[in-house]
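Read through the structure below, which is laid out as structure tokens, and then see the notes.
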Amino acid sequence: MTEFLLGAAGLVLLTVALGLVRVLGGPGNVDRTMAAQLLGTGGIAALLLVAAATGVRGAADVALGLALLAAFASVAFVNSAAPEQEATGKDKPDQQADE
Amino acid sequence: MTAALDIFTVVAICAGAAFFMAGSVGLLRFPDSLTRLHALTKADNLGLGLIVLGLLPQADSLLGGLKLVAVWLLVQLGSATVAQLIAHALRRRGPGT
Numbered sequence: 003m004t005e006f007l008l009g010a011a012g013l014v015l016l017t018v019a020l021g022l023v024r025v026l027g028g029p030g031n032v033d034r035t036m037a038a039q040l041l042g043t044g045g046i047a048a049l050l051l052v053a054a055a056t057g058v059r060g061a062a063d064v065a066l067g068l069a070l071l072a073a074f075a076s077v078a079f080v081n082s083a084a085p086e087q088e089a090t091g092k093d094k095p096d097q098q099a100d101e
Numbered sequence: 737m738t739a740a741l742d743i744f745t746v747v748a749i750c751a752g753a754a755f756f757m758a759g760s761v762g763l764l765r766f767p768d769s770l771t772r773l774h775a776l777t778k779a780d781n782l783g784l785g786l787i788v789l790g791l792l793p794q795a796d797s798l799l800g801g802l803k804l805v806a807v808w809l810l811v812q813l814g815s816a817t818v819a820q821l822i823a824h825a826l827r828r829r830g831p832g833t
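Protein chains in written order, with this note's numbering: chain E, 3 to 101; chain P, 737 to 833.
Right, dumping it as structure tokens:
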């Protein structure tokens with residue numbers, strides 16, 4: 003079972019790393035952020051698999067931290083990509099109404 | 737009983753890895769940002785969910801199993817929120833963001 007879990011961790015990490023090609027080519031920064039987020043989720047999955055395979059319980063805690071950081075990274079990106087009027091709070095009333 | 741649980745683990749983890757593969761391929765092959773976002777969230781929710789489900793029988797204690805579920809729930813919450821935020825930013829700024 004240990005070998006299978008480690009192999010699955012490697013496979014997940016490999017496929018997710020393949021998705022990082024989108025960081026190089028991706029037309030917009032949104033695509034790059036999405037590739038980074040996929041890497042975050044894949045890293046969490048690989049860490050959980052490694053934790054179960056090797057019996058190192060700390061790896062699951064690292065996965066928990068990675069989950070938090072991946073969410074924060076994307077939220078920070080969306081904040082930085084927000085239009086100026088939204089950042090300064092000068093939204094038009096009809097735009098605020100649908101939020 | 738142990739063998740049945742092991743088979744369940746293998747099947748669920750293989751399915752989860754397949755979803756991660758589908759997410760990567762979708763991220764690379766889909767034509768625009770919104771469809772890529774769709775592929776990404778499937779990998780997040782289903783891929784990680786199936787892997788966590790497969791690891792649950794291997795957890796050595798109740799606390800360990802609960803921690804696995806907590807990780808999955810946190811990722812669920814985070815990825816759902818981020819998907820909405822990214823889609824919103826895309827709609828505001830157009831596809832060139």
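Backbone N, C-alpha and C define an ideal beta-carbon position, used for all residues, glycine too.
Quick check: what's the CA-CA separation for residue i versus residue j?
i: residue 774(P); j: residue 792(P); result: 27 Å
i: residue 770(P); j: residue 19(E); result: 21 Å
i: residue 737(P); j: residue 55(E); result: 20 Å
i: residue 82(E); j: residue 772(P); result: 21 Å
i: residue 742(P); j: residue 796(P); result: 14 Å
i: residue 37(E); j: residue 821(P); result: 16 Å
i: residue 4(E); j: residue 53(E); result: 10 Å
i: residue 98(E); j: residue 828(P); result: Residue placement at residue 98(E) cannot be trusted, given a pLDDT of 46 that sits under 50; what the coordinates show is reported in the next sentence. The straight-line gap from Cα to Cα measures roughly 13 Å.
i: residue 801(P); j: residue 780(P); result: 19 Å
i: residue 7(E); j: residue 45(E); result: 14 Å
i: residue 798(P); j: residue 26(E); result: 42 Å
i: residue 768(P); j: residue 762(P); result: 10 Å
i: residue 745(P); j: residue 766(P); result: 31 Å
i: residue 32(E); j: residue 811(P); result: 19 Å
For residue i, which three-state DSSP category applies?
i: residue 58(E); result: coil
i: residue 785(P); result: helix
i: residue 742(P); result: helix
i: residue 767(P); result: coil
i: residue 762(P); result: helix
i: residue 76(E); result: helix
i: residue 37(E); result: helix
i: residue 83(E); result: coil
i: residue 796(P); result: coil
i: residue 22(E); result: coil
i: residue 45(E); result: helix
i: residue 3(E); result: coil
With residue i and residue j assumed to form a contact (beta carbons below 8 Å), what rounded beta-carbon distance in angstroms separates them?
i: residue 42(E); j: residue 760(P); result: Residue 42(E) to residue 760(P), Cβ: 13 Å. No contact.
i: residue 61(E); j: residue 70(E); result: Not a contact, Cβ separation roughly 15 Å.
i: residue 51(E); j: residue 787(P); result: 7 Å
i: residue 825(P); j: residue 80(E); result: 5 Å
i: residue 72(E); j: residue 790(P); result: In fact, because the Cβ distance is near 21 Å, the residues do not count as touching under 8 Å.
Looking at C-alpha atoms only, which residue of the options is the closest neighbour of residue i?
i: residue 751(P); options: 80(E), 10(E), 69(E); result: 10(E)
i: residue 834(P); options: 739(P), 744(P), 785(P); result: As displayed, chain P neither begins before 737 nor continues past 833, which places residue 834(P) out of reach and without an answer.
i: residue 805(P); options: 66(E), 27(E), 57(E); result: 66(E)
i: residue 76(E); options: 24(E), 28(E), 58(E), 34(E); result: 34(E)
i: residue 702(P); options: 24(E), 58(E), 57(E), 59(E); result: Since the first residue of chain P shown is 737 and the last is 833, residue 702(P) is not available in this structure.
i: residue 15(E); options: 73(E), 47(E), 78(E); result: 47(E)
i: residue 808(P); options: 766(P), 823(P), 794(P), 782(P); result: 782(P)
i: residue 739(P); options: 794(P), 764(P), 814(P); result: 794(P)
Flag residue i as yes if its beta-carbon sits less than 9 Å from any beta-carbon of chain A, otherwise no.
i: residue 825(P); result: Here chain A cannot be found, since the structure's protein chains are E and P.
For this session: Output, in sequence order along the chain, the residues in the segment 23–50 of chain E whose CB is closer than 8 Å to any CB in chain P.
Result: Against chain P - using a Cβ distance shorter than 8 Å - the residues of the segment 23–50 of chain E are 23, 24, 29, 30, 31, 32, 33, 35, 36, 37, 39, 40, 43, 44, 46, 47, 50.
For this session: Taking only beta carbons into account, state which residues of the segment 771–793 of chain P come closer than 8 Å to chain E, listed in chain order.
Result: If the cut-off is 8 Å between Cβ atoms, the segment 771–793 of chain P has 772, 773, 776, 779, 780, 783, 784, 787, 788, 791 near chain E.
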